[in-house]
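Heads up: the sequence lines are chains A and B, in that order.
With positions in the first sequence counted from 1, the corresponding number in the working numbering is that position plus 320.
With positions in the second sequence counted from 1, the corresponding number in the working numbering is that position plus 252.
A short write-up of the structure that comes next.
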Amino acid sequence: MFNSKNFLFFIAVFIETIFNANGDLFNEELFIKPLPPAHLYTYFQFTTLVNDNLSSEHTYLAPRSLVEVLTRFQVDELHFTLTEGQWRHNHWGYPVLDAAPGAELYAWFSSDVENVDTQWKKLSSTLAGLFCASLNFIEDFNTITPQMALQPTGAIPQNPNITSQLRYASLPREIVCTENLTPWKKLLPCESSRGLSALLNSRMIHNTNYHSIGVHTRKVCSSSDCSVVSLEIKQTVALVYDSKIIRTTDWSFTKLFGQGLPGGCPLASSSKVYVDITTNDTQPFLLSPEPEKVLLSQRGGSETKLALYTIKPENKMTTIGAKYISKKDLVLMKLPPLYFNRYVLGYGKEFGGIVTELTNTFWSSIDVVVLQNAPWWLPIQLSSLRINGEASSEMVLARHYSPGRSRQKPYHLELLLRLPPKSTTKITIDFEFVFLKWQEYPPDANHGFYVGSAIITANLPTARNYTSLPGTASLFESSINASKPWYPAVFRTNGVMVSLPTPDFSMPYNVICLACTVVALAFGPLHNICTKELVLKVVGSSVTLKQKIINLFKKKKE
Amino acid sequence: MGSENNISNADESNRMWASASFVGVLIIIGMPLWWKTTEVYRVSLPYEKISSFKPLSHFVTTELKVLANDDATASKIVSEIQKAFAESDIIKIKIEKTVMSERQQHILRSVVDMEKAVEELASTLDLDQENIFHVVQKKSLSHNIWVGNERIMFFDDEKASETIVKALDGWIYQTSVLRGARSDTPDQARSTRFPPESAYHITLSIVHPRPDTMQVVWNAAEAVEDYIGSFVDELSSLHNFTLKSQWLHLLDFEFQAREIKEASEWGRHFAVRQDRLSLLLTRLEERAATHVSELSTINLALYIVPCDKAPIIIYDNEGRKNPLSIQAFMSPKWGGVVIASPPAEQCSQQVREFEPSVGQVMGAFVSHLRELLGITKKDAIEGAHLEPLRSVSPRRWEVDALLRIRTLEQVTSAERTLQSLAQLLEEISNIVINDEVGASIAAAVSELEAGAGEGAGADAARAGRAHAHAQRAFTHPSLLALLYFPDDQKYAIYIPLFLPIMFPVVLSLRILLLWFMGKPVHKEKTD
């Protein structure tokens, strides 16, 4: 069983680069890809390579705050994303880096770390402060240790037990806002004053269909035998613009970002803009200004044409734009080799089910790992797992299930599947609804409860719709002509929402009021009966009201 | 009639016992139970011990050795010093007088160079011992007294006694600073130096606003390790230090400088008002990421002025020009900033490369650090010669003085912290004191009781521990757990239930008491 997982292991490799005097290298890249008919994908990537192995105390281009956090908690590799919106794989193809909706954090700790859970808690709280995100809500009950789905992408000493140093958590409810973008920008050497990061105007980038900011750090080899490693910090922003929001299919920097580009970052070794012009054949458009160069990238049987612009620091304000010549109404999208969908089944407030549908459109089988992560309040039972309606399936090559525990541990299921060619596979698992304690309900509980995305790790046999970098490369340019036998990818499905039985929250107050009234009403007569003497009084002639009042005065006189 | 009476008596006693059982359940069992279950958890604390602390009564002890050529001079000097410090309630000096041996006298006579004399003398005296200072007679000095880097002071003859006392008071023991460390209101030195802590981070930020127009050659790591490292190594007995450096690019600050023409290579300089500089700190704080450190950070910033705004010269609030060649300023309890302007010939070149003088810049930072860590400036004393510092390391006796100041400060601050905590607990009833905080308080009290504050040296560690425990107790987040659940809310929940129930029960108390005392419970009704 173990051997079959082996194909997922990434091989540690090295990068040969010429380092400048201060050791650090900074590169900024922007990749723009039209997603016909109506969307536009822009992906920013800022890569800092720290080559100072002497100490982590002294930084040049790398952000000291982040380096200090990584050193203090002995983190080998860290991935952190904040995302709003869903990436639609079947319409848009694959992004360079996929991210789960909300906040997602996973990290490998150094093998010297003994108590990974405490370090993990401290790390997430510190990052919460650094990025103004609610990562402090990461607790044991929403943290899992994936066994097969996630593998380190950097150079980490071969360790058969590497997953024990890994922790993963996602907070699908987290809302991404300007307050997260500002601390993120401060990690860049040029901040937002110069270079491509000047385009990240929070007013414009939150006005998109999908936006995701991320920080990814890992160790990369800096010598051929990998005895020396250096730190790579990659900051990314992915945006998907909707032509309906920007009100035109033509695009330009001014339309997308609200301003032109004020020259490259003077500290960057290179500032490059790539525009994917493959769709120009079907949807012709004109780029202005003319690209410096058009690159043809042949990768795994698919051809991509990229227009390249090199931005110089001394450049004046530049703006790159595209104008569509004629608009053809019908666009046929080539479906990606693998896409998926996830939804919730069931009615009522007792039982339900989650369905994950995986579609393989390729002519050969694809091996995937599917990781499902359900919070403790959504108990999923392995016995109810059905693949295409069958309890036992030959598609399942390996399986890992760890049951959750109420308020302590989430449910975690991983499946290694071999998807047959040209097929759709339906994974169904049932859950039951749980009553929470009244303090455990989040604000606006009737909104529903988010269930984190499933992670799908695949080795794609073709690079169709694939834009990711090769596992070992740092820069986007290394994805040009990078043909490989297979293309590793980690995807996230869409998240789902369930509505748990939600009580009326004014109930406890009503109960207190009612109970107090009833007790007070009942207690008076009870006390009277027990402690007072009942004396019979002779019923005399009927007393008039006047007589009663006189009697009252008489008594007083006595 | 008799049996009827008996029945009514039995009835009455039944009723009374029923009433008594209501009282028993509600008042005797119910109320204390309610009180106990809604009580704020508090470990019992040694309030009496805490209130018996007298922060103003602490003093430090130190030793002084007077060595003279003859007994008469020694006695004269000793008596003068004793007289001067007899009244002092802040420092107790144990003075020991010795007549120098023939060999020592020979060394002092024959070696003219002061430093060399100290070196030679060190073989006969133990100068390495902390908190022991030597006053040694050396004939034919150019001044009345001479003070160098070691724990030793030379004086000429007995006429110098007045200067000796002044130098001991102002330089060596710094009684005014000690008093400031102990008093309620901080003095100048205390409001400048960082509050005592076991460890600090020192971060050097090189601010380079225009990396595109000029290259700055500066090895930050090396400069920090060489200069700051060797300075703080000498203070390692007091604090642990972590040295860091970072570059902040493209952080531009508008100095609002006034251009002033002058006859120099530049033909101008830019005048910056001192009060404008504090805004630079705000700008630095945005990017310097000091909040990431778990310890307090001493900030050092080197601001590289772009060519078109160079050179910058700081003017004080009265409009006087900074006379020094280096433009630097210090912000109390924050750190120091050096503003480095590139020279004119560099700016006129095509490829601009600026290398700020490491010695000059780091020298300024070290002098900032001295004050930020508590080594005060030494005012000149007439007739006394203070050997200027030749390296970055502090003088040995300065470290001793700092140790005394820190000890006294930590002891008094620990006591004050505990007293304020006790006072707070008295005033605000819903502060929780859990076991951990209780243990911290107890530890601090026991450390303080065990004789911290009697002097420097051995007790410095104890004072540090007491201070750390007291601080931990005072700033523990668990204290605030119930702060926002005040008493009136507690009553608001229970009163709707308790009031209607307690009303008849309390009213029945009078009748119950009368009955127990054997008095007639109620008057016989007349009709």
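Just so it is clear, CB atoms sit at the ideal spot from N, CA and C, and this is done for glycine as well.
Check: If contact means a Cβ-Cβ distance below 8 Å, which residues of the region 580-603 of chain A contact chain B?; Outcome: Pro586 and Leu587
Check: For a contact meaning CB atoms closer than 9 Å, what does Lys506(A) contact in chain B?; Outcome: Glu538, Arg539 and Ala541
Check: Report, in whole angstroms, the separation of the C-beta atoms of Pro492(A) and Gly815(A), which I expect to be a contact under 8 Å.; Outcome: 5 Å
Check: Thinking C-beta only, is Phe671(A) closer than 9 Å to Phe751(A)?; Outcome: yes
Check: Spell out a yes or no on whether the region 419-437 of chain B and the region 466-474 of chain B are touching, meaning 3 or more CB-CB pairs, one atom from each, closer than 8 Å.; Outcome: no
Check: Please list, in chain order, the residues of the region 450-479 of chain A that have any C-beta partner in chain B closer than 8 Å.; Outcome: Leu450
Check: Give me the subset of the region 831-845 of chain A whose CB atoms are less than 9 Å from a CB atom of chain B, sorted by chain position.; Outcome: Ile832, Cys833, Ala835, Cys836, Thr837, Val839, Ala840, Leu841, Phe843 and Gly844
Check: Mapping DSSP to helix, strand and coil, what is Gly707(B)?; Outcome: Because Gly707(B) carries a pLDDT of 47, less than 50, the predicted location of this residue cannot be relied on, and the following value inherits that uncertainty. Three-state result, Gly707(B): coil.
Check: Apart from the five residues on each side of it in sequence, which residues of its chain come closer than 8 Å, Cβ to Cβ, to Ser760(B)?; Outcome: Ser271, Phe274 and Val275
Check: For Asn371(A), which residues of its own chain have a beta-carbon under 8 Å away from its beta-carbon, when the five flanking residues on both sides are left out?; Outcome: Phe339, Gly343, Asp344, Leu345, Ser542 and Ser550
Check: Would Ile583(B) and Ser530(B) qualify as a contact pair, given that the criterion is a beta-carbon distance under 9 Å?; Outcome: Strictly speaking, residue 583(B) in this sequence is Ser, with Ile absent from that position. Yes, these two residues count as a Cβ contact at 9 Å.
Check: Thinking C-alpha only, which one of Thr628(B), Gly635(B), Ile404(B) and Gln723(B) is nearest Ser672(B)?; Outcome: Gln723(B)
Check: Taking Ile680(B) as the reference, give the member of Ala369(B), Tyr736(B) and Ala541(B) with the closest Cα.; Outcome: Tyr736(B)
Check: Looking only at its own chain, which residues have a Cβ that is under 7 Å from the Cβ of Thr624(A), when we skip the five neighbours before and after it?; Outcome: Asp596, Thr598 and Ser617
Check: Quick one: grab the DSSP three-state call for Gly611(B).; Outcome: helix
Check: Going along chain D, which residues have a C-beta under 7 Å from Glu610(A)?; Outcome: Checking the listed chains, one finds no chain D in this structure; the protein chains it contains are A and B.
Check: Can you tell me which residues form a DSSP beta bridge with Met817(A)?; Outcome: Tyr770(A)
Check: Measure the alpha-carbon distance for Ala588(A) versus Ser513(A) and round it to whole angstroms.; Outcome: 13 Å
Check: Cutting at 8 Å between CB atoms, please list the residues of its own chain near Ile476(A), excluding the five before and the five after it.; Outcome: Ala332, Asp396, Glu397, Trp428, Ile482 and Lys539
Check: Just list the beta strand (DSSP E) runs in the region 386-472 of chain B, keeping only unbroken ones of 3 residues or longer that don't cross its boundaries, in chain order.; Outcome: 397-399, 404-407 and 451-460
Check: Quick one: list the residues of chain B neighbouring Thr362(A), beta-carbon separation under 8 Å, in chain order.; Outcome: By Cβ distance, chain B contributes nothing, its closest Cβ being about 23 Å from Thr362(A), past 8 Å.
Check: Tyr479(B) and Met614(B) - do their beta-carbons sit closer together than 9 Å?; Outcome: yes
Check: Residues in its own chain within less than 7 Å of Leu705(A) by CB, not counting five upstream and five downstream?; Outcome: Ile749
Check: Tell me which residue opens and which closes the beta strand (DSSP E) that Gln498(B) is part of.; Outcome: Asn492 to His501
Check: If you check the beta carbons only, do Ala420(A) and Phe400(A) fall under 9 Å apart?; Outcome: no
Check: Count the other CB atoms, across all protein chains shown, that sit within 10 Å of the CB of Ser608(A); report buried if there are 16 or more and exposed otherwise.; Outcome: exposed
Check: For the region 415-430 of chain A, which residues have a CB atom closer than 8 Å to at least one CB atom of chain B, in sequence order?; Outcome: none
Check: Please go through the same chain and pick out, in chain order, the residues whose beta-carbon is closer than 7 Å to the beta-carbon of Arg442(B), but skip the five residues on each side of it.; Outcome: Gly432 and Ala433
Check: Express the C-alpha separation of Asp568(B) and Ser362(B) in angstroms, rounding to a whole number.; Outcome: 49 Å
Check: Any beta carbon of chain B sitting closer than 9 Å to that of Glu499(A)?; Outcome: no
Check: Would you say Ser530(B) touches the ligand ATP, meaning its beta carbon is less than 8 Å from a heavy atom?; Outcome: The ligand ATP is not among the ligands present in this structure, which contains no ligands whatsoever.
Check: How should Lys353(A) be labelled, buried or exposed, when 16 other C-beta atoms within 10 angstroms of its C-beta is the threshold for buried?; Outcome: buried
Check: Taking 9 Å as the threshold (beta carbon to beta carbon), is Val476(B) in contact with chain A?; Outcome: yes
Check: For chain A, is any of its Cβ atoms less than 9 Å away from the one on Phe274(B)?; Outcome: yes
Check: Relative to the C-alpha of Glu552(A), which residue among Pro383(A), Arg812(A), Leu360(A) and Pro741(A) is closest?; Outcome: Pro383(A)
Check: Note down, in chain order, all residues in the region 611-639 of chain A with a beta-carbon under 9 Å from any beta-carbon belonging to chain B.; Outcome: Pro633 and Glu634
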